[in-house]
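Read through the structure below, which is laid out as structure tokens, and then see the notes.
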Amino acid sequence: MNQKVKRGVFGKEIYHYFCLESTNKVAYLLAKKGAEEGTVVVADEQTQGEGRGDHYWYSPQGGLWFSLILRPRMISSETSRLSILGATGIAMSIDRLFSSLRVMIRWPNDVVIKDKKVAGVLVKVRVERSDVTFAIMGIGVNLNVREFPSPLSFIATSLIKETGDSISKKRFLESTLEELENLYFSSQVNGHMLLEKA
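Under full-length UniProt numbering, the first residue of the sequence shown is numbered 1, with each subsequent residue one higher.
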């Protein structure tokens, strides 16, 4: 299902699926076919959610799982900054919507509450001659996930567990895309990403 959302650049076009193996895989294929920067792929559930390295990301219904297509003016050695930018945008969105929560970023790509992971970022890039032709920013947020299988129950949490309230996926996605868009474009000066490590 393809739906339009009124936004600036991020989320102008959103591809929504009930279930995917991985939103990153679909977004990567779309980017190769020329999809515009800011295109989003979101799924209600992932069966093969990707984490860093070979780690699996538990992605049941109730969470927010999406990938954002970027076309940054940067070289391959700078791509780690995109993970930081992604984590920062998520943290800012949580802080905006739930100011009572103490949200922290665990270097380089995890967002945590009370030392438990509530969200994560995975960036994949396509490079030609050391220049990035596009990047896929995969984001997973545990919104309304009430239970986690062992051993995740000891290291993961969700916004519904922390607040006691069900979270609107649409509202959280819109808030996060707004934060990411502001961070992303304000960090590009003279064609280069200037976001420093935090």
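Where a beta carbon is used, it is the ideal one built from N, C-alpha and C, also for glycine.
Alpha-carbon spacing of residue i relative to residue j, whole angstroms
i      : j      : result
Phe185 : Leu70  : 11 Å
Arg129 : Val141 : 33 Å
Gly120 : Val9   : 22 Å
Pro151 : Thr157 : 12 Å
Leu97  : Asp131 : 36 Å
Asp95  : Thr88  : 10 Å
Ser153 : Pro72  : 36 Å
Pick from the options that is closest to residue i, judged by C-alpha positions
i      : options                          : result
Ser100 : Ile90, Ile113 and Glu37          : Ile113
Ser67  : Ser187, Thr176 and Asn182        : Thr176
Val24  : Ile105, Leu122, Thr79 and Asp110 : The identity of residue 24 in the sequence shown is Asn, whereas the question assumes Val. Of the listed residues, the one whose Cα sits closest to Asn24 is Leu122.
Asn182 : Pro60, Phe18, Met92 and Glu78    : Met92
Leu20  : Pro60, Pro72, Lys32 and Gly11    : Pro60
Cβ of residue i within 8 Å of any chain D Cβ
i     : result
Leu68 : The structure shown contains no chain D, having only a single protein chain.
CB-CB length for residue i against residue j, believed under 8 Å
i      : j      : result
Lys117 : Ile160 : Not confirmed; about 15 Å, so no contact.
Glu50  : Ser22  : 6 Å
Trp65  : Ala43  : 5 Å
Thr79  : Ala27  : Not quite, the Cβ-Cβ distance comes to about 16 Å (not below 8 Å), so this is no contact.
Cβ-based neighbour list, residue i, same chain, cut-off 6 Å, excluding 5 preceding and 5 following
i      : result
Glu13  : Thr39
Thr133 : Arg126
Cut-off 8 Å between Cβ atoms - residues of its own chain near residue i, not counting five sequence neighbours on either side
i      : result
Ser166 : Asn144 and Ile160
**Item:** the stretch 55-65 in contact with the stretch 80-98 per 3-pair CB rule at 8 Å
**Value:** No, the stretch 55-65 does not touch the stretch 80-98.
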